[in-house]
Each structure stands twice: as structure tokens, then as C-alpha cells.
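Here's what the structure looks like:
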């Protein structure tokens, strides 16, 4: 049981479930894929495939907003504190 490759998992199970959905629905898509993977198992190849989709969706969201994700999520610094010893 289970998929032998992430490519097969993506093509046969995951992509058909998300095709045509709005890429900005990252959390909803992730949740739906998580639920759909129950029968096949939630580890190994399935999680590699789901991770690839998650990364791609967040990349699309960041590009659409015209900013890097760390800024989009609100966790960034324009300056970094420095520590010196010696």
C-alpha cells in the first residue's frame, strides 16, 4: 500500500484534489490534503508530496503580494543586533 514516489502521489492523489482552487487558500488546501492522505498514511512520500505543494502555494502567495514571505507574515527585522566578545 502507499505510493512509491512523490511524483505518483502528486499526480494520482493530490493534484486532482487541488486543481482549480485558489492558491491563496493555503491552509484549507493543506487541511484537505492532510485529511485525504489518511488511508495512504501521513508520513514518508505523502508528506514529501504535500510539503512540495505547501511550499509552491506559499511561493505563489508571496509573488502575488510582491514581497518575501518573512515580510508578508510580519516577522522580519530591518536591523540585526550584533554581539561581540573578546
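Residue numbers (the numbering used here): 19 to 104. Even for Gly, the Cβ is constructed at its ideal location relative to N, Cα and C. It should be emphasised that the depicted structure is a prediction, and the values quoted were computed from it without experimental measurement.
Item: Boundaries of the alpha helix (DSSP H) in which residue 34 is found, first to last residue; Value: 33-36
Item: Which of helix, strand or coil DSSP assigns to residue 92; Value: coil
Item: N- and C-terminal bounds of the alpha helix (DSSP H) containing residue 45; Value: 44-54
Item: Through-space distance from residue 21 to residue 96, alpha-carbon basis; Value: 44 Å
Item: Nearest-angstrom beta carbon gap, residue 90 and residue 80 [assumed within contact, 8 Å]; Value: 6 Å
Item: Endpoints, the alpha helix (DSSP H) within which residue 26 is located; Value: 24-27
Item: Cβ shell of residue 98 (< 7 Å), same chain only, five flanking positions each side left out; Value: none
Item: Neighbour-count burial assignment, residue 67, 16 or more Cβ in a 10 Å radius; Value: buried
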